[in-house]
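Encoded as structure tokens, the structure appears first; notes follow it.
Numbering (mature numbering (1 follows the signal peptide of the UniProt record, and there is no 0)), first residue to last: -23 to -1, 1 to 116.
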């Protein structure tokens, strides 16, 4: 992400942090026990402040404490990582999700063996071939 966009996202995060946890902004070195609801509120507040080019649902924000792992797919160039020097440190990931795969990219659904439509069609083909062979005198 370019420097201007990163600065805007950081400002949005800090504004959300100031709204939902003003004591942390005033005294960042004081220990704070974060609850999931607090972190979710900060993430939602950050997203509410971001002016996004596309639909708002494409932009995502994850706020966590200390180190955390996230396995996600994101649009190239959209991932921004921020860190707030609080106690414990807050980590923020902002990213735009990838659009859903096109119809050509998605594999066709498979039917499990044991009575599916594909199995019935296959059985009919084999029966027709066996009947044709029997009619011709081939065993």
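Glycine residues also receive a C-beta, built at the ideal position from the N, C-alpha and C atoms.
Practice task
Determine which residues share a DSSP beta bridge with residue 39 and list them.
Solution key: 70.
Practice task
Kindly identify the DSSP beta-bridge partner or partners of residue 57.
Solution key: Bridge partners of residue 57: 71.
Problem - For residue 8: DSSP bridge partner residues - result: Here residue 8 is bridged, per DSSP, to 64.
Practice task
Could you tell me which of 40, 47 and 44 sits nearest to residue -12, measuring between CA atoms?
Solution key: The shortest Cα separation from residue -12 among 40, 47 and 44 belongs to 40.
Practice task
Spatial neighbours of residue -7 within its chain, please: CB distance less than 7 Å, with the 5 preceding and 5 following residues excluded, ordered by chain position.
Solution key: These residues qualify, in order along the chain: 1, 2, 19 and 61.
Handout entry: Candidates 65, -15 and 44, of which the one nearest residue 9 by Cα
Key = Of the candidates 65, -15 and 44, the residue whose Cα lies closest to the Cα of residue 9 is 65.
Problem - CB contact flag (residue -15, residue 42, <7 Å) - result: Their beta carbons are not under 7 Å apart, which means residue -15 does not touch residue 42 by this criterion.
Handout entry: Reference residue 27; option with closest CA among 73, 102 and 79
Key = Answer by Cα proximity: 73.
Practice task
Express the C-alpha separation of residue 106 and residue 75 in angstroms, rounding to a whole number.
Solution key: Cα to Cα, the separation comes out at about 47 Å.
Problem - Distance between beta carbons of residue 16 and residue 24, contact taken as under 8 Å - result: In fact, because the Cβ distance is near 13 Å, the residues do not count as touching under 8 Å.
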